[in-house]
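Novice: The structure follows.
In UniProt numbering, the protein residues as written are 1 to 335.
Here's what the structure looks like:
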């Protein structure tokens, strides 16, 4: 049975040592009731709400739980910590080629392209916008990194890209096209956290993404920005550009100006992960084992992007499918 429009409020535990999860307190349209588990409780509430649900249920950092008067079930300091998130920003120019956005916005064209999609599954409406590329920062830009940043980036495997580039376009005034090149930090070193400011799941969690808290991320972001400008200055891109750079504009030139623009105009890629990190028993930051089982209790698993111990450099969708399949197999073979 699937309970729609239902909010999980708290994981309940049977007495004993170690305590065993045996039910979930939930709310549907303001009506609270309890759903009992025959075998296990499995949390898949996502990167922000899975750690929140653990904490309001008594699993997490002791100081956080004590501050909110939540009885301690299992002290796991890593719950809500180790938040990885990929940061994105863009450089915009007007171009003389049409985009899906500019065509769709044109009433003289929209009906035609809609019919094209209905008839042939073709045209702008069939686009998945998959114009993505990845790379390690090239040598000529990498040479500008500080010694500390160069050393910090050695944390990642040599073949991990540090940058992703996303090409796109949207409709401007008078059905013009604004070309977009976005840059993404795919190997960030900054770590945020998720915590709670109450003992209720009805209150939002407190999220600190901590973007650019590690200085290395700032240097890499500036290098990605310069790389995007190199792309815009390439012959193919110059052949379709109209006028000067729209955003941030040619006045932004120094590293300090570039970083200020990035910090003020960054956006998430919705690729956050690792707030209930997988690890070995005894690892102070680990929340679950390799089968998604929460340490310190029985009958409780977490299965979503929060259990990755680190973020992969690309998009996490396939990895989330993989972890779901893997732990589903663990659950089916568990005795």
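Idealized CB from N, CA, C, for every residue including glycine.
#1: Is it true that the CB of residue 43 sits closer than 9 Å to the CB of residue 11?
#2: Determine the burial state of residue 143: buried for a count of at least 16 other Cβ atoms within 10 Å of its Cβ, exposed for fewer.
#3: Please report the Cβ distance between residue 296 and residue 40, rounded to the nearest whole angstrom; I am assuming they are in contact, meaning their Cβ atoms lie under 8 Å.
#4: Roughly how many angstroms lie between the CA atoms of residue 25 and residue 52, to the nearest whole one?
#5: Helix, strand or coil, according to DSSP, for residue 239 in the structure here?
#6: According to DSSP, is residue 170 part of a helix, a strand, or is it coil?
#7: Where do the ends of the alpha helix (DSSP H) carrying residue 5 lie?
#8: Just to confirm, is the Cβ distance from residue 323 to residue 277 under 9 Å?
#9: Which term fits residue 250, buried or exposed, when burial requires 16 or more other beta carbons within 10 angstroms of its beta carbon?
#10: Should residue 21 go down as buried or exposed, given a rule of 16 or more other Cβ atoms within 10 Å for buried?
#11: Since residue 94 sits in a beta bridge, which residues does DSSP pair it with?
#12: For my contact list, residue 167 and residue 181 are in at a C-beta cut-off of 8 Å; report their separation, rounded to the angstrom.
#13: Contact check, residue 185 vs residue 214 under 8 Å by CB: the rounded distance?
#14: Could you give the DSSP three-state label for residue 278: helix, strand or coil?
#15: So who's on the other strand from residue 195, going by DSSP bridges?
#16: Check residue 42 in the structure and name its three-state DSSP category.
Specialist: In this structure, then:
#1: yes
#2: exposed
#3: The pair is not a contact, with the Cβ atoms about 15 Å apart (cut-off 8 Å).
#4: 14 Å
#5: coil
#6: Residue state, collapsed to three classes: strand.
#7: Counting along the chain, residue 5 sits inside no alpha helix (DSSP H), nor does DSSP assign it H or E at all.
#8: no
#9: exposed
#10: Label assigned to residue 21: buried.
#11: 178, 242
#12: 6 Å
#13: With a Cβ gap of about 10 Å, residue 185 and residue 214 do not count as contacting.
#14: strand
#15: 206
#16: strand
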